[in-house]
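Structure first, then comments.
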DNA sequence: CGATTCTTTGAAAACAGTCAATCTGTGTGG
DNA sequence: CCACACAGATTGACTGTTTTCAAAGAATCG
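Protein chains in written order, with this note's numbering: chain B, 766 to 957; chain L, 766 to 957.
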């Protein structure tokens, strides 16, 4: 039931059989159908969510009603609203399934217990956060210095495996472009 | 000598006298004069750097030769290149003093030892990283959905205390605007 | 198949960037 | 103490990229 997740974990860190049981005991499986929400803006996010199957998007709606996608999470990625999680305040993000998905939820309290009980996991978790930090940093740089075309090229270079599972206008919403601009960029690039 | 830093730390977490000594023993003081560099692109960054006095900027130069400022670090903030630090690869960033500054350097290895020896510090460090993550997240959103004017207003709201210590064209380089655009935004806003 | 959703295309408008010149203030050296 | 040089800020005119609005076409889901 949690095999995907356990495989993912034991791939990264060594776990004793007892520790594996410990992990399994705090896992909860949640199935989502396409278009179903895992988190709605305004609710407080109190989980760590591992996508074991499917694809999920984390997005935000701005004052003008426009959607901005923060992250796509396919299998073996995490999803969540860190701001809501850390500060325990209402989420600004929504999380929605783009495909029928299976999510493993670990409640915040249990997760913290895990980290304390398994030092290697604590270290791994910190590394994960540091890497995510670097990714965000590069996205800021990209946003400030790349043209629309460069942004798109960077995206297909970074995420070649998921582009065909995501509607184009959502890639635009991720890159901070209008759908029309992205469409033009794609066709124009092809011409050259 | 390291008083500022020790005050900062004991303000956040409880430390025994022995632990304080432990911390002090791994600290190194580095004085920088205005325009001096703490890190140059291409070098590997192996420290944790706490600004105990002065002001420092972390920036990157893109292919077109344009500067993009990632962060300003005044007193009681940290500076560094996390990508270089984590992956031990050549830095893409430069760090330069904007004022005569005093920096406390803790070598990577020593810092990790500290975190292991002082669990409370480990937790605090993780919280710091999580908060930084949230800040970056919001900056991405800002970059994708704010106009030039909104970006500037957000900046003065977030960092009212340092705006008068930073030349305007550097604020522009931080926000991803041209200096001319920022100048116009400021005057135009005043008119209304 | 029917309806919705997604993509493409065109034309016009808005926004920010570039280039160039001028203006301002500051600090340095004669 | 003045004059000059230099870095930074402002302004204007122009350009270019991206957005917006609108409509039509294509694809997909139920």
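Beta carbons are placed, not taken as given, at the ideal position from N, Cα and C, and that holds for glycine.
Rounded C-alpha distance that separates residue i from residue j
{"i": "residue 915/B", "j": "residue 896/B", "result": "22 Å"}
{"i": "residue 800/L", "j": "residue 768/B", "result": "55 Å"}
{"i": "residue 871/B", "j": "residue 772/B", "result": "16 Å"}
{"i": "residue 776/B", "j": "residue 883/B", "result": "15 Å"}
{"i": "residue 804/L", "j": "residue 846/L", "result": "9 Å"}
{"i": "residue 810/B", "j": "residue 859/B", "result": "10 Å"}
{"i": "residue 829/L", "j": "residue 953/B", "result": "23 Å"}
{"i": "residue 835/B", "j": "residue 792/L", "result": "38 Å"}
{"i": "residue 877/L", "j": "residue 888/L", "result": "13 Å"}
{"i": "residue 894/L", "j": "residue 848/B", "result": "12 Å"}
{"i": "residue 854/B", "j": "residue 822/B", "result": "20 Å"}
{"i": "residue 934/B", "j": "residue 946/L", "result": "29 Å"}
{"i": "residue 813/B", "j": "residue 873/B", "result": "7 Å"}
{"i": "residue 844/L", "j": "residue 838/L", "result": "6 Å"}
{"i": "residue 929/L", "j": "residue 833/L", "result": "19 Å"}
{"i": "residue 886/B", "j": "residue 851/B", "result": "19 Å"}
{"i": "residue 918/B", "j": "residue 863/B", "result": "23 Å"}
{"i": "residue 784/B", "j": "residue 841/B", "result": "20 Å"}
{"i": "residue 806/B", "j": "residue 781/L", "result": "43 Å"}
{"i": "residue 950/L", "j": "residue 892/B", "result": "40 Å"}
{"i": "residue 774/B", "j": "residue 789/B", "result": "11 Å"}
{"i": "residue 778/L", "j": "residue 890/L", "result": "10 Å"}
{"i": "residue 937/L", "j": "residue 927/L", "result": "14 Å"}
{"i": "residue 798/L", "j": "residue 861/L", "result": "9 Å"}
{"i": "residue 932/L", "j": "residue 826/L", "result": "18 Å"}
{"i": "residue 802/B", "j": "residue 796/B", "result": "11 Å"}
{"i": "residue 880/L", "j": "residue 881/B", "result": "14 Å"}
is_contact[residue i, chain B] using C-beta, thresh 8 Å
{"i": "residue 835/L", "result": "yes"}
{"i": "residue 827/L", "result": "yes"}
{"i": "residue 831/L", "result": "yes"}
{"i": "residue 910/L", "result": "yes"}
{"i": "residue 848/L", "result": "yes"}
{"i": "residue 934/L", "result": "no"}
C-beta neighbour in chain L for residue i, strict 8 Å
{"i": "residue 950/B", "result": "no"}
{"i": "residue 874/B", "result": "no"}
{"i": "residue 902/B", "result": "yes"}
{"i": "residue 898/B", "result": "yes"}
{"i": "residue 851/B", "result": "yes"}
{"i": "residue 894/B", "result": "yes"}
{"i": "residue 905/B", "result": "yes"}
{"i": "residue 811/B", "result": "no"}
{"i": "residue 891/B", "result": "yes"}
{"i": "residue 941/B", "result": "yes"}
{"i": "residue 824/B", "result": "no"}
Three-state secondary structure assigned by DSSP to residue i
{"i": "residue 918/B", "result": "helix"}
{"i": "residue 943/L", "result": "coil"}
{"i": "residue 927/L", "result": "coil"}
{"i": "residue 912/L", "result": "coil"}
{"i": "residue 766/L", "result": "coil"}
List in chain order: all unbroken beta strand (DSSP E) runs of 3+ residues lying wholly within the region 777 to 818 of chain L. Entirely contained in the region 777 to 818 of chain L, the beta strand (DSSP E) runs reaching 3 residues are, in chain order, 793 to 797, 802 to 804, 812 to 818.
What are the complete beta strand (DSSP E) segments, minimum 3 residues, inside the region 807 to 893 of chain L? Counting only runs of 3 or more, we get 812 to 818, 820 to 826, 832 to 839, 842 to 844, 858 to 862, 866 to 872.
Cβ contact (3+ pairs, closer than 8 Å) linking the region 817 to 830 of chain B and the region 857 to 867 of chain B: Touching, yes.
Check whether the region 896 to 911 of chain B and the region 893 to 910 of chain L touch, using three or more Cβ-Cβ pairs below 8 Å as the test. yes
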